[in-house]
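Number of protein chains: 2
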Amino acid sequence: MEFSAEDATRSDWDFLARVVESAISNGASTINLPDTVGYTVPGKMAELIAYMREKVPNADQAVFSVHCHNDLGMAVANSISAIAAGAGQIECAVNGLGERAGNASLEEIVMALKTRKDHYRADCRVDTTQLYRTSRLVYGIIGMNPPMNKPIVGANAFAHESGIHQHGVMANKETYEIMTPESVGLTQNKMVLGKHSGRHAFEARARDLGYVLTDDEVKGFFEDFKRMCDLKKTVTDSDIEAIISSKIAAGQGLYRLARFDLQSGNKVKSTCAVQLEKEGSILEDVALGDGPVNAAFNAVDKLTGPQSRKLLDYAIHSISQGEDALGEVAVKVQDGKRRVTGRGLSVDIMEASILAYINAINKLAEMGERYDEEVSPEFGNP
Amino acid sequence: MEFSAEDATRSDWDFLARVVESAISNGASTINLPDTVGYTVPGKMAELIAYMREKVPNADQAVFSVHCHNDLGMAVANSISAIAAGAGQIECAVNGLGERAGNASLEEIVMALKTRKDHYRADCRVDTTQLYRTSRLVYGIIGMNPPMNKPIVGANAFAHESGIHQHGVMANKETYEIMTPESVGLTQNKMVLGKHSGRHAFEARARDLGYVLTDDEVKGFFEDFKRMCDLKKTVTDSDIEAIISSKIAAGQGLYRLARFDLQSGNKVKSTCAVQLEKEGSILEDVALGDGPVNAAFNAVDKLTGPQSRKLLDYAIHSISQGEDALGEVAVKVQDGKRRVTGRGLSVDIMEASILAYINAINKLAEMGERYDEEVSPEFGNP
Numbered sequence: 001m002e003f004s005a006e007d008a009t010r011s012d013w014d015f016l017a018r019v020v021e022s023a024i025s026n027g028a029s030t031i032n033l034p035d036t037v038g039y040t041v042p043g044k045m046a047e048l049i050a051y052m053r054e055k056v057p058n059a060d061q062a063v064f065s066v067h068c069h070n071d072l073g074m075a076v077a078n079s080i081s082a083i084a085a086g087a088g089q090i091e092c093a094v095n096g097l098g099e100r101a102g103n104a105s106l107e108e109i110v111m112a113l114k115t116r117k118d119h120y121r122a123d124c125r126v127d128t129t130q131l132y133r134t135s136r137l138v139y140g141i142i143g144m145n146p147p148m149n150k151p152i153v154g155a156n157a158f159a160h161e162s163g164i165h166q167h168g169v170m171a172n173k174e175t176y177e178i179m180t181p182e183s184v185g186l187t188q189n190k191m192v193l194g195k196h197s198g199r200h201a202f203e204a205r206a207r208d209l210g211y212v213l214t215d216d217e218v219k220g221f222f223e224d225f226k227r228m229c230d231l232k233k234t235v236t237d238s239d240i241e242a243i244i245s246s247k248i249a250a251g252q253g254l255y256r257l258a259r260f261d262l263q264s265g266n267k268v269k270s271t272c273a274v275q276l277e278k279e280g281s282i283l284e285d286v287a288l289g290d291g292p293v294n295a296a297f298n299a300v301d302k303l304t305g306p307q308s309r310k311l312l313d314y315a316i317h318s319i320s321q322g323e324d325a326l327g328e329v330a331v332k333v334q335d336g337k338r339r340v341t342g343r344g345l346s347v348d349i350m351e352a353s354i355l356a357y358i359n360a361i362n363k364l365a366e367m368g369e370r371y372d373e374e375v376s377p378e379f380g381n382p
Numbered sequence: 001m002e003f004s005a006e007d008a009t010r011s012d013w014d015f016l017a018r019v020v021e022s023a024i025s026n027g028a029s030t031i032n033l034p035d036t037v038g039y040t041v042p043g044k045m046a047e048l049i050a051y052m053r054e055k056v057p058n059a060d061q062a063v064f065s066v067h068c069h070n071d072l073g074m075a076v077a078n079s080i081s082a083i084a085a086g087a088g089q090i091e092c093a094v095n096g097l098g099e100r101a102g103n104a105s106l107e108e109i110v111m112a113l114k115t116r117k118d119h120y121r122a123d124c125r126v127d128t129t130q131l132y133r134t135s136r137l138v139y140g141i142i143g144m145n146p147p148m149n150k151p152i153v154g155a156n157a158f159a160h161e162s163g164i165h166q167h168g169v170m171a172n173k174e175t176y177e178i179m180t181p182e183s184v185g186l187t188q189n190k191m192v193l194g195k196h197s198g199r200h201a202f203e204a205r206a207r208d209l210g211y212v213l214t215d216d217e218v219k220g221f222f223e224d225f226k227r228m229c230d231l232k233k234t235v236t237d238s239d240i241e242a243i244i245s246s247k248i249a250a251g252q253g254l255y256r257l258a259r260f261d262l263q264s265g266n267k268v269k270s271t272c273a274v275q276l277e278k279e280g281s282i283l284e285d286v287a288l289g290d291g292p293v294n295a296a297f298n299a300v301d302k303l304t305g306p307q308s309r310k311l312l313d314y315a316i317h318s319i320s321q322g323e324d325a326l327g328e329v330a331v332k333v334q335d336g337k338r339r340v341t342g343r344g345l346s347v348d349i350m351e352a353s354i355l356a357y358i359n360a361i362n363k364l365a366e367m368g369e370r371y372d373e374e375v376s377p378e379f380g381n382p
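In order, the protein sequences belong to chains A and B.
Take 1 as the starting number for the first sequence in the UniProt record's numbering and just add one per residue.
Take 1 as the starting number for the second sequence in the UniProt record's numbering and just add one per residue.
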């Protein structure tokens, strides 16, 4: 049983100690002391844990835990300093996602514990080689890219720019690398795949990247891979990860995009004709719009009505790098009280947009009338 | 004179103390002790400062400074703990940008000092109401969005999602708000501007947002604003900020987009016809491409050759929120050894792409053959 005292860091510590004592004597085996508004600082957090362990007579019968928010950018340091003071549990989140500025970032805490084991003398059983892939998957689900300077998982996290550093790393890795890219599961592009690569090479690479796939999945992903090879000169590991993780997150559905034809420009209204496949038959219609995305979505609306749907948000970002980068679109669509996120991925940003919208509509169709309450992502309390 | 000892936190402290003493006696008035690889932890950083102030006989003749990297997510906490131990200078960066996982984030340090003045008893002369705008401008220049959960400046930083928190904030702001949105310069949308707003209303709003504009600039931005009103139902503060800060960063140039006409789809090659204005005359051509962006760029290439240019990177993201969100495209283009970033902004993602590419070409044209060495953004050492 876990007992959690919201806003513990700003509470009266003496009163809090009496509450904690009572919680433990009533059966709480974990005592969570959240820094609900991200107000505390590392030294204070350590003091709080030490205070409780000293003042609460039955403190040894429970594990102390912290739940830190990142409003002033110190959630990771606050969590780690709690561990140094004797906390045995940290509540954190992949990529630090959470209410407002978020919670302590799981991957940063894990790597700080591993890298500074000499100092903290604490450990956890997280397999660090899964951190990179897990982070990408979670960012993918919410339709966001890792910030390039995000510790551990950002594109620049292991990139040494300055000449003197590069020289140092080449001479002796430990000069500037306190942890290796491999330790967090970042693989190098050892083999470049392209249009002449066969299914076995693709399957082997996916396995190297950590994906355990069924035969049907391999077949489906390989088709996507071949299509991508027609559009990109070389397909990198991050492209393959993007295909697989986006498909895993997106699933299948009622409608499938067969064809679209777009006419657009800055002096004309945009026009988009869309063909959708639905249960074996082809639906087709055309629509005008303000801009190409609006025209395409209007055409999809005509084919999939009735029109109680509302597009709440449209976000686009590029996933891989270079001239033929993959674009990923995330749309948030509301229908009555149901709210879903759809995602689409393509080297063609218009196709990515249409795929995302269809994905959202498929999710709504699958849901049926199941939800009569608003469905929205709930980020952590306390 | 500032003396900086690279990788100070991992050095032999005793030896370091002797080096620092010598630097001060030779005239150094600032002693910088960088945590070059982001290895240290708050307690240790405080110890280092205290150690130097105690062991270096002439320590009182210099200001101690730290320069923290964020590899383990603790740059802000490490910097702040140095202040608590007597450091008088912090080297940090807007948005925490810097090599690898970056440096300590200026806005987080400033707000931590202000918010926890009771604890740190230190201050700085930064005008906090400029933090939000400065952050957006810097993100804009590098073509990046603030991560939604970035402390202080992210879209969610002040958004209370959970019901109990919202109730608390309504009852008493201080319950969950340790700092106000206004204190970092986040203004509320008090007045919505639209197609019936005049130039004076626009100018007043820009002034409220902190932009001091010349008459010519007001005229130019107002035209962009009116065009945006044709495409968006309402124009928000963040739209206006996006228009102005993107224009300020992008400048003017040799080529201007007059018109484009695009045909695209998933079963046909894309075609794009482009008209550019160059010194009063109109150039026009059409090109095929793999996808709409590629076709448009090929057409621009035909009009602006010779073709030693290479597109290194293409990145797109949405700036404002909602159905008619602004898209911003950043392209990195190389010509010989010159390398530039171009940016384009529009509610039409195709137009944003073409504008970004033209912006890059204009920058190259303006440069001429001035640079024979590679120009690339240099992020901070040590």
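Glycine residues also receive a C-beta, built at the ideal position from the N, C-alpha and C atoms.
Keep in mind the model is a prediction, meaning the values are calculated, not measured.
Under the Cβ distance rule, residue 90 of chain A does not count among the residues neighbouring chain B, no pair being separated by less than 7 Å. Residue contact with chain B for residue 260 of chain A: present (Cβ-Cβ distance below 7 Å to some residue of chain B). Within the segment 126–157 of chain A, 142, 144, 145, 146, 147, 148, 149, 150, 151, 152, 154, 156 and 157 place their CB atoms closer than 9 Å to a CB of chain B, listed in sequence order.
Residue environment for residue 151 of chain A: buried (at least 16 other C-beta atoms within 10 angstroms of its C-beta). Below 8 Å, too few C-beta pairs join the segment 192–212 of chain B and the segment 65–78 of chain A to call them touching: fewer than three. If you draw a straight line from the Cα of residue 83 of chain B to the Cα of residue 19 of chain A, it comes to about 35 Å. Pairing residue 329 of chain B with residue 352 of chain B gives a Cβ-Cβ distance under 7 Å. Taking 7 Å as the CB threshold, residue 112 of chain A lines the interface with chain B. Residue state for residue 91 of chain B is assigned as strand, using DSSP reduced to three classes. Around the Cβ of residue 125 of chain B, a 10 Å sphere holds fewer than 16 other Cβ atoms; the residue is exposed. Counting every other CB atom within 10 Å of its CB across the protein chains shown gives residue 207 of chain A a total below 16, marking it as exposed.
Against chain B, the CB of residue 263 of chain A has a partner CB under 7 Å away; the residue lies at that interface.
In this structure, the CA atom of residue 257 of chain B is about 24 Å from the CA atom of residue 238 of chain B. With contacts defined as CB atoms closer than 7 Å, residue 291 of chain B and residue 37 of chain A fail to qualify as a contacting pair.
Between residue 158 of chain A and residue 186 of chain A a beta carbon distance of about 7 Å is seen, short of the 8 Å cut, so the two are scored as contacting. Relative to the Cα of residue 360 of chain B, the nearest Cα in the group B/350, B/349 and B/344 belongs to B/344.
For residue 297 of chain B, the three-state secondary structure derived from DSSP is helix.
With fewer than 16 other CB atoms across the displayed protein chains lying within 10 angstroms of its CB, residue 288 of chain B is exposed. Proximity of chain A to residue 176 of chain B at the Cβ level (cut-off 8 Å) is accounted for by 36 and 37, in chain order. Using a Cβ distance threshold of 7 Å, residue 78 of chain B and residue 115 of chain B do not count as a contacting pair.
Residue 155 of chain B has its alpha-carbon roughly 31 Å from the corresponding atom of residue 45 of chain B. Taking each of A/275, A/279 and A/91 in turn and checking the Cα distance to residue 285 of chain A, the smallest one comes out for A/275.
In this structure, DSSP gives residue 272 of chain A an extended state, which the three-state scheme calls strand. Pairing residue 65 of chain B with residue 107 of chain B gives a Cβ-Cβ distance that is not under 7 Å. Beta bridge pairing from DSSP links residue 289 of chain B with B/270. Around residue 115 of chain A, the beta-carbon contacts reaching into chain B at under 8 Å are 39 and 72. For residue 236 of chain B, the three-state secondary structure derived from DSSP is coil. Straight-line spacing of the CA atoms in residue 6 of chain B and residue 121 of chain B works out to 28 Å.
Residue-level contact check: residue 228 of chain A does not touch chain B, since none of the beta carbons of chain B fall below 7 Å from its beta carbon. With the rule of 3 Cβ pairs closer than 8 Å, the segment 258–267 of chain B counts as touching the segment 261–276 of chain A. DSSP places residue 241 of chain B in the helix class (H, G or I) of the three-state scheme. The residue among A/219, A/313, A/316 and A/363 with its C-alpha nearest the C-alpha of residue 255 of chain A is A/363. In this structure, the beta-carbon distance from residue 17 of chain B to residue 3 of chain B does not fall below 7 Å.
Under DSSP, residue 260 of chain B shares a beta bridge with B/274.
Counting along the chain, residue 127 of chain A sits inside no beta strand (DSSP E), nor does DSSP assign it H or E at all.
Bounds of the alpha helix (DSSP H) holding residue 222 of chain B are 215–231.
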